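Chains as they are written, first to last, in the numbering used here: chain A, 1 to 731; chain B, 1 to 106. C-beta atoms are modelled at their ideal positions from N, C-alpha and C, and glycine is treated no differently. All values derive from a computational prediction rather than experimental measurement. The structure appears below as structure tokens.
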Amino acid sequence: MKIDLHCHTLEVKKGDNGRNVNSSDFVKAISSAGVGIVAITNHNKFDIQQYNAFVKSAVGQFLIWPGVELDVEGRHSGSKQHGHVIVVCDPLKADSFSSIISSLCVGDLEKFVVDVDKLPTLFLPLGRCLFACHYHKSPDLASEDIDYLSSCVGNNGIVVLEPSSARRAGMVVLGDKKNSWFGSDVKDWHHYPSTDSDFHLPESKFHITSFNAFLDLLSKNTDAAILETFLSPKKIPECTISPFEDLHLSLPLYRDINIIFGGKATGKTQILNAIGEYFTKQGKVVRSYNVENKLDDLKKIIMRKPSEQELNEFHQKDCSLEIKALGDWKWRDLPSLKNFYNYFQSTESATLATKLKIIGASFVETIDETNLKRQYRQYTDDVAALKGMRKVDVSDILSPEEKTSFESLLQTISEGLLSRYLKTFIKTKSLELEKFTIDTLKPLISNSEGVLSKPNSCGLSLFYDDLKQLKSLLNTIGLNFLYSKQTSFEQVGTLQTKGPVERFLKIGFASQPVSKNKNGRLSWLPRTFLNSSINDQKCSDLKNELKSVSFNDSPAKIATQINNLQSYLADNHVTSLFEFVNFSLFLKTATNDDFMPSNGETSVLLADNVLNDSTADVLLLDEPDSGMGSDYINGPLLTNIQKAADLNKIIVIATHDPNLVVRTHPYFCVYREEIHPAVYTTYFGSSFEDLMVNPKDSHDTKPWVDACVTKCEGGTTALTERERVYGYYDD
Amino acid sequence: MDTTTIEKIPFILKLDVNNKTVLETSIASQVFQISFETEDQSYLRDFFAALLKAEETKHFLFGFQIDPTVNNDTLKHVAESYIDSLNSELSKILDDMDTAVAQKNN
Numbered sequence: 001m002k003i004d005l006h007c008h009t010l011e012v013k014k015g016d017n018g019r020n021v022n023s024s025d026f027v028k029a030i031s032s033a034g035v036g037i038v039a040i041t042n043h044n045k046f047d048i049q050q051y052n053a054f055v056k057s058a059v060g061q062f063l064i065w066p067g068v069e070l071d072v073e074g075r076h077s078g079s080k081q082h083g084h085v086i087v088v089c090d091p092l093k094a095d096s097f098s099s100i101i102s103s104l105c106v107g108d109l110e111k112f113v114v115d116v117d118k119l120p121t122l123f124l125p126l127g128r129c130l131f132a133c134h135y136h137k138s139p140d141l142a143s144e145d146i147d148y149l150s151s152c153v154g155n156n157g158i159v160v161l162e163p164s165s166a167r168r169a170g171m172v173v174l175g176d177k178k179n180s181w182f183g184s185d186v187k188d189w190h191h192y193p194s195t196d197s198d199f200h201l202p203e204s205k206f207h208i209t210s211f212n213a214f215l216d217l218l219s220k221n222t223d224a225a226i227l228e229t230f231l232s233p234k235k236i237p238e239c240t241i242s243p244f245e246d247l248h249l250s251l252p253l254y255r256d257i258n259i260i261f262g263g264k265a266t267g268k269t270q271i272l273n274a275i276g277e278y279f280t281k282q283g284k285v286v287r288s289y290n291v292e293n294k295l296d297d298l299k300k301i302i303m304r305k306p307s308e309q310e311l312n313e314f315h316q317k318d319c320s321l322e323i324k325a326l327g328d329w330k331w332r333d334l335p336s337l338k339n340f341y342n343y344f345q346s347t348e349s350a351t352l353a354t355k356l357k358i359i360g361a362s363f364v365e366t367i368d369e370t371n372l373k374r375q376y377r378q379y380t381d382d383v384a385a386l387k388g389m390r391k392v393d394v395s396d397i398l399s400p401e402e403k404t405s406f407e408s409l410l411q412t413i414s415e416g417l418l419s420r421y422l423k424t425f426i427k428t429k430s431l432e433l434e435k436f437t438i439d440t441l442k443p444l445i446s447n448s449e450g451v452l453s454k455p456n457s458c459g460l461s462l463f464y465d466d467l468k469q470l471k472s473l474l475n476t477i478g479l480n481f482l483y484s485k486q487t488s489f490e491q492v493g494t495l496q497t498k499g500p501v502e503r504f505l506k507i508g509f510a511s512q513p514v515s516k517n518k519n520g521r522l523s524w525l526p527r528t529f530l531n532s533s534i535n536d537q538k539c540s541d542l543k544n545e546l547k548s549v550s551f552n553d554s555p556a557k558i559a560t561q562i563n564n565l566q567s568y569l570a571d572n573h574v575t576s577l578f579e580f581v582n583f584s585l586f587l588k589t590a591t592n593d594d595f596m597p598s599n600g601e602t603s604v605l606l607a608d609n610v611l612n613d614s615t616a617d618v619l620l621l622d623e624p625d626s627g628m629g630s631d632y633i634n635g636p637l638l639t640n641i642q643k644a645a646d647l648n649k650i651i652v653i654a655t656h657d658p659n660l661v662v663r664t665h666p667y668f669c670v671y672r673e674e675i676h677p678a679v680y681t682t683y684f685g686s687s688f689e690d691l692m693v694n695p696k697d698s699h700d701t702k703p704w705v706d707a708c709v710t711k712c713e714g715g716t717t718a719l720t721e722r723e724r725v726y727g728y729y730d731d
Numbered sequence: 001m002d003t004t005t006i007e008k009i010p011f012i013l014k015l016d017v018n019n020k021t022v023l024e025t026s027i028a029s030q031v032f033q034i035s036f037e038t039e040d041q042s043y044l045r046d047f048f049a050a051l052l053k054a055e056e057t058k059h060f061l062f063g064f065q066i067d068p069t070v071n072n073d074t075l076k077h078v079a080e081s082y083i084d085s086l087n088s089e090l091s092k093i094l095d096d097m098d099t100a101v102a103q104k105n106n
């Protein structure tokens, strides 16, 4: 939770312009900034009425503590150095605090000043108070005066100088620049908390519910019992593991950040793996990041098969009807000129028969049975889709009138679909009946009258229909075979410089293009056929077979080509295009539709995915810092780890990166030290207590800081040398 | 060969009156002789294929005519009937082709 202990709400002194704020704007600004605790610290003034009004408005959103920023005159440095001191007291004492300030701060508040000696006498009767002295910020008291104040306050309050106690309190002081010490010192409420993009309010790792709890955390005398109060809500039953034959550990892990650190080859990974096995057996969902397997792990994350819904379209376009019709296709027999000649010869002596006009009837219409079957399939698919739509519960989406209208539209569509299909059905069946009648009656009359029937056609229509049907079949199959679609984008992770990385699938019948990077590292994202017996070669063979039919050739050659194609289809058991369905995976960024992540980017994507897995209970990160830049570690990685911790996930990180060990403020640490060659000691502890204890020997202890500096910072020499080189760094 | 020529540019149909066995036609420089006696299917298909493929197909429409000087009734009926059928079916096919082209353009 964010904390702002330096906040002005009134214009009191010169230079306070822009600090007046009303209750509504105050609550809106503080809430929007995600601040959980705010102290009102106006210059030499405490307005109890405004305070009470603000508290009333902020109930349930954030805590407001009473405070003041006093002009204080030093007494102990010899120079009477003037400085500002913020005093914050328990909100339960707000009325008394108000009385003290009202009595103290009288007259011209611009010129008001109080002796530093008087502060303890004035405020300690209220109970424990927080005194925050300007430090590296003008005007600030002399160090002698601050020392004096600290000695007077003792255990009855806290004098805060700098965030030296931040580690102990779990405070994350990110904005420790001179003008951002422990609070926003807001200048303009239109730009709260600050216009400085680098400014960050301090955050507490613990959820603080009272003023005294906050002081407990800041207290340098914090004892284990007090810490336990804050840590216990995230405690889980001890995790019992045996990572090595001679090592059995009961780890008091938390639903927060837990760190395993130590030198290289000290067994951190084995401990992490044993923790993973333990939680898996417990039925928890465990997600792991392992730098060694990152390429394969990212592949597993990215790979996916098309869903049934995505494949529906391919079922509809599978051309099973067309392939069946193609298998049965052949040139039909044509009537010859001789049939005409024979007919006329026979009619010369059979005048009765010639009077029956049906004997000379012809039938030249096209009956497209395949089209009728296709239409029927489309009709049943559409009806099924409509049925699905009718099942959708729209009662909370549409108004009763809209619902009635929606149902009416569905009914209209349903009737329209039936009407459309019936039109084709009636036309086809009528033609079939007509043909049946002619074909049946003509031989009957011929037989009874001894006259030959006139051919239905000269054959041109039959030939044309055969040709047309063949072209249509090959065209439909060929076009559908080339059909492909792209699925919608799904985010895989985010890269600092490139933004979101998304994956998508290209699904198709024929071989679709694969990633341009197919010969690179992403060869692990190949095209995949749903039917494992199909491959690129078989796709290519079918494509070539379909292309082999040339309509420029003579009808006899066409017949030969079709015979070959029919043999190919039969020999290879090709009854539908669906078995040729295949898909390729692609990664995409804002500027690149075929993105291949670098080695480092692979790590980032994997870590991002693991840490944002909403289904996981336990996140195990083995050296997530490996190969990463410090800007990534201290930026997105730390942020994502903290976000996961806020969701009460059990996070265990094996690392020797100081940023991860220190800046995650882990609840629990395991430290592995090689005390002799191949002889290791394990310590448990936390940064809050600055103590690591050997669980096998409670007298064997060491400061957490020592372990960190030795193994993470490279030792005291390296640390101090870096400090010397950097000096006081202020960008 | 004693033939009577029925001509309608660019389609030419020749009718062998003497032996009454062959209808001869020339399409796109190819000459087809359709025998009264044979039932050779491939020959007919080649004829139809050439007919459908030829650029001048539209001109064939109603271009098949019988020579009025032919006086053999049977032959006349055969030729008339066959040519009627050709004209009728070609007409339907051309309509169908036009419809297909219109659908494609839309």
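query: Name the one or two DSSP bridge partners that D71/A has.; result: H84/A
query: So with Cβ pairs under 7 Å, would you call S446/A a contact of chain B?; result: no
query: Go ahead and label R128/A buried or exposed: buried means 16 or more other beta carbons lie within 10 angstroms of its beta carbon, across all protein chains shown.; result: buried
query: Once you ignore the five residues that flank T9/A on each side, which residues in its own chain have a CB closer than 7 Å to its CB?; result: R19, V21, F26, I40, N42, Q50
query: Check the Cβ-Cβ distances between F344/A and every residue of chain B, and say whether any is below 7 Å.; result: yes
query: Can you tell me whether T681/A is buried or exposed? The criterion is at least 16 other CB atoms within 10 Å of its CB, across all chains shown.; result: buried
query: Kindly indicate the opening and closing residues of the alpha helix (DSSP H) around G327/A.; result: 320 to 328
query: Can T424/A and L372/A be called in contact, C-beta distance under 7 Å?; result: yes
query: Tell me whether the beta-carbon of P243/A lies closer than 7 Å to the beta-carbon of F583/A.; result: no
query: To the nearest angstrom, report how far apart D84/B and K485/A are at their CA atoms.; result: 50 Å
query: Is it buried or exposed for F436/A, if we count other Cβ within 10 angstroms and need 16 for buried?; result: exposed
query: Indicate the three-state DSSP secondary structure (helix, strand or coil) for G262/A in the structure shown.; result: strand
query: Please classify M303/A as buried or exposed, where buried requires at least 16 other C-beta atoms within 10 Å of its C-beta.; result: exposed
query: Is it buried or exposed, E308/A, if we count other Cβ atoms within 10 angstroms and call 16 or more buried?; result: exposed
query: Let's test the definition: count the other Cβ atoms within 10 Å of the Cβ of L454/A and tell me whether it reaches 16, buried, or not, exposed.; result: This sequence places Lys at residue 454/A; Leu is not what is there. K454/A comes out buried.
query: At least one CB of chain A closer than 7 Å to the CB of Y43/B: is that the case?; result: no
query: Can you grab the Cα-Cα spacing for the pair Q491/A / E502/A, in whole Å?; result: 4 Å
query: Measure from the C-beta of L334/A to each C-beta in chain B and report whether the shortest distance is under 7 Å.; result: yes
query: Would you say V186/A and C7/A are within 7 Å of each other, going by their C-beta atoms?; result: yes
query: Cα separation between L660/A and K317/A?; result: 54 Å
query: How long is the line joining the alpha carbons of Q81/A and V72/A, rounded to whole angstroms?; result: 9 Å
query: For the ligand COA, is there a heavy atom less than 6 Å away from the beta-carbon of G36/A?; result: Ligands displayed in this structure: none; no statement on the ligand COA is therefore possible.
query: Determine the burial state of H84/A: buried for a count of at least 16 other Cβ atoms within 10 Å of its Cβ, exposed for fewer.; result: buried
query: DSSP state of I397/A, grouped into three classes?; result: coil
query: By the three-class DSSP mapping on this structure, what secondary structure does Y278/A have?; result: helix
query: Grouping DSSP H, G and I as helix and E and B as strand, with all else coil, what is M171/A?; result: Low per-residue confidence applies at M171/A: pLDDT is 44, beneath 50, and the placement is therefore not dependable, though the value from the model is reported in the following sentence. M171/A: strand per DSSP, three-state reduction.
query: Mind checking P335/A: buried by the 16 CB within 10 Å criterion, or exposed?; result: buried
query: If we count Cβ pairs, one from each stretch, closer than 8 Å, do we get three or more for the segment 590 to 603 of chain A versus the segment 611 to 627 of chain A?; result: yes
query: Please decide whether L460/A counts as near chain B, where near means a Cβ-Cβ distance under 7 Å.; result: yes
query: If you draw a straight line from the alpha carbon of S99/A to that of V725/A, how long is it in whole angstroms?; result: 51 Å
query: Which residue marks the beginning of the alpha helix (DSSP H) containing N475/A, and which one marks its end?; result: 460 to 481
query: Does the count of Cβ pairs from the segment 279 to 291 of chain A and the segment 672 to 686 of chain A closer than 8 Å reach three?; result: no
query: Whose Cβ in chain A lies nearer than 7 Å to the Cβ of K104/B?; result: Chain A residues near K104/B: none, gap ~11 Å exceeds 7 Å.
query: Using a 10 Å radius around the Cβ and a threshold of 16 neighbouring Cβ atoms, would you call P66/A buried or exposed?; result: buried
query: Quick one: which chain B residues come within Cβ less than 9 Å of F363/A?; result: What F363/A touches in chain B: nothing, since even the nearest Cβ is about 11 Å away.
query: Can you name, in chain order, every residue of its own chain whose Cβ lies under 7 Å from the Cβ of R374/A, other than the five neighbours on each side?; result: L321
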